[in-house]
Each structure stands twice: as structure tokens, then as C-alpha cells.
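K.L.:
Here it is: the structure, laid out below.
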Amino acid sequence: MEFQCSSSPTGSIAKLSSFAILIVLLLSCFTFTSTDAYDALDPTGNITLKWDIMSWTPDGYVAVVTMFNFQQYRHIQAPGWTLGWTWAKKEVIWSMMGAQTTDQGDCSRFKGNVPHCCRKDPTVVDLLPGTPYNQQIANCCKGGVLNSWAQDPGAASSFQVSVGAAGTTNKTVRLPKNFTLRAPGPGYTCGPAKIVRPTKFVTQDKRRVTQALMTWNVTCTYSQFLAQKTPTCCVSLSSFYNDTIVNCPTCTCGCQNNKTDPGSCVDPNSPYLASAVSNPGKGNNLNTPLVQCTSHMCPIRVHWHVKINYKEYWRVKVSITNFNYRMNYSQWNLVVQHPNFDNLTTIFSFNYKSLTPYAGLNDTAMLWGVKFYNDFLNQAGPLGNVQTELLFRKDSSTFTFEKGWAFPRRIYFNGDNCVMPPPDSYPWLPNSSHKPMASLLRLAMTVIASFVFLVTYS
């Protein structure tokens, strides 16, 4: 009997095509870079830039640029935002109100009046509080600080710009390109400018409506991965029913290495602490973190302590500690995900808002400090911490202290996801903590008995 093997050209081509598709998919997996821009707790969060042309000038236009923070819990803190773009033609900025460019550029071709900025790629920053009134407009001059939407609904930052050599009609004006937003560091990616319906404005007496001559929008989204490669905060856990304190995982935000990276952290009792804080050193600046030497090396630690168990309630203490000697956190906020937030009864010394990104699901809470009391988290030291207590009502159908249920599922600080300890390290209940020991004891007794049996009867 003879066996013959034959293959058709069609089958070979199909196999070759399948192999080629597989190779392409594998290459795309290796070359794809995740930006982690989507946030499940704030799926529509973004910063939107609105550019409204309000009037025409002999060689250009006057526009009001407004930055809206539509992110529920991520804000822009000091030293504030920095906005940049690239002009489409040879535009110049004649003047600005409420903001300024950081560099004037080469304006030597102009005789007489000199523009505010002649750069092809201007960089704009907000003015500081206390700016003279004749240089201000509404929603300006906050030092670039922009609160989150949940803390300050309608949070916005604005400035006015007079643009020359830009065209004087809707058909001759060209949209700027390559928008960039630093807040204050990297992390935001901005899309292209898109022309939208002109913005309408209602007068204070609400009897007249005006509108912009032309409007375009730019949307910027945040990625924690782009902002910083290493985490910025971690979580530690403890409970009243177990003496074990679960610390932040070792080297969460870096490791102590005085040999290869001297000065990466400082001892709080060091006599050189003051000079280390005030003198950043070569290649660093005052915004570079200088953290206290810890096992986790994180600037921020959040501690969740299950404090008391009542008959119908249970109580939790939350503490936030700042280990960074160079950073004060103003308008800080904390986002906590836990299934019992639908039964939160009382919160002490913090503000609270329920975040419900999905209908019917109330397991996420946003916490932030009370104004003029604890909304300012001081740098590392005796005052570098804030704390609160939460009182929850027990739901008999879901409440339990077993299997880590009493601990949070996820915690964010200032919009950045904090690293949680591994679940198998959570404090055990007393009646279940002996189970691993009992298993080990049983195993040891079995091994000893087997050894004795073999010695006796060998």
C-alpha cells in the first residue's frame, strides 16, 4: 500500500496568510505601548481647551482661551499648568491678559511695536495671584492651579490673547497644531484642534445672548504611566483583631541605594536635612521628590485601620502621611473603592462625595480636606499627615471581616493609583489565623511519624 501526500496551491496560500497574520499580531503586541489613559472610575474625565475668537483686528484676532477640568478627582496642583502649541502660519502674539509666555523669541523683524511673543511654538503659563487688575480677566491668575470637578464644579482657567498675522476671517484663520499640556509635569496627551459650534454667552441680566465669531476645542487625557514610570503612593493595612501591621510592599516606589544613587532619601534625624531640602543638587530642582528613607520609598502612604466593631456599625481610621520633604499638597483628594460605601453613615473632618461612574453601583467615595482646616497636606515632618474616621452601617447580607473584605479594593491619591499590599498578606481573623499553623503542624507530625515508622521497621 502506498501513501501519497499532496498539497494544493490554495491550501498553501491559506496557511501562509494565516502565518503572516499571526506574525503581524505578535509584532503589534511587542511594539504597542500602553498609555493607561482610560480610567474606569472616571471614564469621561478630560481637560478641554476652548479657543473662542471674540473680535477681529487689522491683522488677526482677539481670543479668550479657557481650560475646563472635567476630571472628577484629578486636579492640577502648584506650580501649575503649562500650555504649548505650534502656529500653523507665521502668527505672533501681540499681547496677553491673565497669562504670559515664558519666552519672547526673536522679534527683530518688527519696527516700533514689539509683540509679546514671536516664537513659532509659544509656551504659556498662568499669572500668579495678586496680579494687577488691569492685567486680569475672569478665571485667571491662580498660579496655574485648577481644582478637580468634584471639588469645584465648573473649575476653569482662562486667559486672553491678541494674535497677529493670523488672518481676519473664518476662512483665513488656521488652527494651531501640536498642543501640549504639562500639569505641572508630563502625563497629558492632547488631540488635534477641532472646529465646533461658536460658544454662546448670556449677559448678566439674561436678556441678551452673544456668541463667539469662531470656536475650536482641544481635548487632553491623562495617563499615569506617561506621568511617571514608578508609583507615587502606597497603602498599608491594620486591624483591631490582629496585631499584624501590613506595610507597603518593599521598594514600591524605589529602593534605597546609597552606593549607586546617593541622596535618594534622607534620614529625618540627619543634621544635614535642612541643607538637603534647600539645595536640590546638580540636575534636580525643588520639585524633585526628596523622600524620607523608608522600606517603600513612596512620597505618600495611605493607612487603612479597621478600628472598632459595634453591634450594628463598624469604624475605620484613614491616615495620609507625606514623606516628601519638598512637596506640600494643596487641595489634595483621596478616592477609595469599597463595597460598604453604600452604607456610609458618618465621616469626620473630611469632605465626602459619592462617585458613581456606573448607574446602581455606589462603592466609590471621594474624600478631601475641609477648607482652612486640613485641605493642605504639609511636607514630611510632624505636621505632614491628615486623618479621618469613617463609620459604616452593617449590612447583614454582605458584611464580614473574613478574607480581607473590610479593606479597600483600590485607593487613589490625587488621581494616581496607589499600590496595595498582596491580598494573601492581609490581617487574618483570630479564628482563621491558626489554620495555616495547624496545616503546617499536621504536615510536620506526618513527616515525623513516617520517619519513626521507617526507622522502627527498617
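Numbering (the working numbering), first residue to last: 1071 to 1528. Ideal Cβ placement from N, Cα and C applies to all residues, glycine included.
State the DSSP-derived secondary structure class of D1494, mapped to helix, strand or coil.
P.N.:
Stepping through the sequence shown from its first residue, residue 1494 is reached at position 424. D1494 falls in the helix class under three-state DSSP.
K.L.:
Below 8 Å on the Cβ atoms is my contact criterion, and I expect W1402 with P1478 to pass it. Report the Cβ-Cβ distance as a whole number of Å.
P.N.:
Here residue 1402 is taken as the residue at index 332 of the sequence shown, counted from 1. Here residue 1478 is taken as the residue at index 408 of the sequence shown, counted from 1. Not really, about 17 Å apart at Cβ, beyond 8 Å.
K.L.:
Tell me the rounded alpha-carbon separation between T1531 and G1214.
P.N.:
With the chain covering 1071 to 1528 only, the question about residue 1531 has no answer from this structure.
K.L.:
Residues bridged to T1291 by DSSP?
P.N.:
If you number the sequence shown from 1, residue 1291 lands on position 221. DSSP, once it has assigned bridges, lists T1259 as partnering T1291.
K.L.:
Can you tell me whether V1266 is buried or exposed? The criterion is at least 16 other CB atoms within 10 Å of its CB, across all chains shown.
P.N.:
The count along the sequence shown starts at 1 and reaches residue 1266 at position 196. In this structure V1266 is exposed. Its beta-carbon is surrounded by fewer than 16 other beta-carbon atoms within 10 angstroms.
K.L.:
For the beta strand (DSSP E) that contains L1539, what are its first and last residues?
P.N.:
One cannot answer for residue 1539 here, as it falls past the ends of the chain, which runs 1071 to 1528.
K.L.:
List the DSSP bridge partners of W1374.
P.N.:
Start at 1 with the first residue of the sequence shown, and residue 1374 comes out as number 304. BP columns for W1374 point to L1307, V1388.
K.L.:
Starting from A1133 and walking both ways along the alpha helix (DSSP H), at which residues does that stretch end?
P.N.:
As a first step, residue 1133 must be located in the sequence shown, where it is residue number 63. Premise fails: A1133 lies in the beta strand (DSSP E), 1130-1139, not in any alpha helix (DSSP H).
K.L.:
Checking the sheet assignment: what are the DSSP bridge partners for Y1399?
P.N.:
In the sequence shown, residue 1399 corresponds to position 329, counting from 1. Bridge partners of Y1399: L1447.
K.L.:
If you reduce the DSSP assignment to three classes, tell me which class V1194 lands in.
P.N.:
Position 124 of the sequence shown, counted from the first residue, corresponds to residue 1194. Note: V1194 maps to strand in three-state DSSP.
K.L.:
Just the C-alpha distance for D1112 and I1163, rounded to the nearest angstrom, thanks.
P.N.:
As a working mapping, residue 1112 is identified with position 42 in the sequence shown. As a working mapping, residue 1163 is identified with position 93 in the sequence shown. Taking the straight line joining both Cα atoms gives about 36 Å.
K.L.:
Check this for me: beta carbons of C1303 and P1256, under 8 Å apart or not?
P.N.:
Along the sequence shown, read from residue 1 onward, the residue named residue 1303 stands at position 233. Along the sequence shown, read from residue 1 onward, the residue named residue 1256 stands at position 186. No, the pair does not count as a contact, with Cβ atoms beyond the cut-off.
K.L.:
Measure the alpha-carbon distance for F1271 versus D1222 and round it to whole angstroms.
P.N.:
The sequence position of residue 1271 within the sequence shown is 201, counting from 1. The sequence position of residue 1222 within the sequence shown is 152, counting from 1. Between F1271 and D1222, the C-alpha separation is close to 21 Å.
K.L.:
S1161 by DSSP, collapsed to three states: which one?
P.N.:
Stepping through the sequence shown from its first residue, residue 1161 is reached at position 91. The residue you asked about is not Ser; residue 1161 is Glu in the sequence shown. Coil at E1161, not helix or strand.
K.L.:
At which residues does the alpha helix (DSSP H) containing A1344 begin and terminate?
P.N.:
Sequence index remark: in the sequence shown, residue 1344 carries index 274 (1-based). First-last of the alpha helix (DSSP H) with A1344: 1343-1348.
K.L.:
Going by the DSSP bridge assignment, what does L1252 pair with across the sheet?
P.N.:
In the sequence shown, the residue the question calls residue 1252 occupies position 182. The question names Leu, but residue 1252 in the sequence shown is Arg. R1252 pairs with T1152.
K.L.:
Where does T1470 sit, in a helix, a strand or coil, going by DSSP?
P.N.:
Translated into positions along the sequence shown, residue 1470 becomes position 400. Looking at T1470 - three-state DSSP - the assignment turns out to be coil, as it is neither helix nor strand.
K.L.:
What residue does the beta strand (DSSP E) around K1264 start on, and which one ends it?
P.N.:
On the sequence shown, position 194 is the one that residue 1264 refers to. From DSSP, the beta strand (DSSP E) with K1264 extends over 1264-1266.
K.L.:
In or out: I1378 buried (at least 16 other Cβ within 10 Å) or exposed?
P.N.:
Position 308 of the sequence shown, counted from the first residue, corresponds to residue 1378. Its Cβ having fewer than 16 others within 10 Å, I1378 is exposed.
K.L.:
Sorted by chain position, which residues of the same chain lie with C-beta nearer than 8 Å to L1097's C-beta, five sequence neighbours on each side aside?
P.N.:
For the purposes of this step, residue 1097 is identified with residue 27 of the sequence shown, where counting begins at 1. Residue placement at L1097 is poorly supported in this model, since its pLDDT is 44, which falls under 50; the coordinates still yield a value, given next. Contacts found: none.
K.L.:
Would you tell me roughly how many angstroms separate the C-alpha atoms of C1321 and A1169, rounded to the nearest one?
P.N.:
The sequence position of residue 1321 within the sequence shown is 251, counting from 1. The sequence position of residue 1169 within the sequence shown is 99, counting from 1. Between C1321 and A1169, the C-alpha separation is close to 41 Å.
K.L.:
Would you mind working out which of R1189, P1268, T1416, V1440 sits nearest W1384, comparing C-alpha positions?
P.N.:
Walking along the sequence shown from the start, residue 1384 turns up at place 314. Answer by Cα proximity: T1416.
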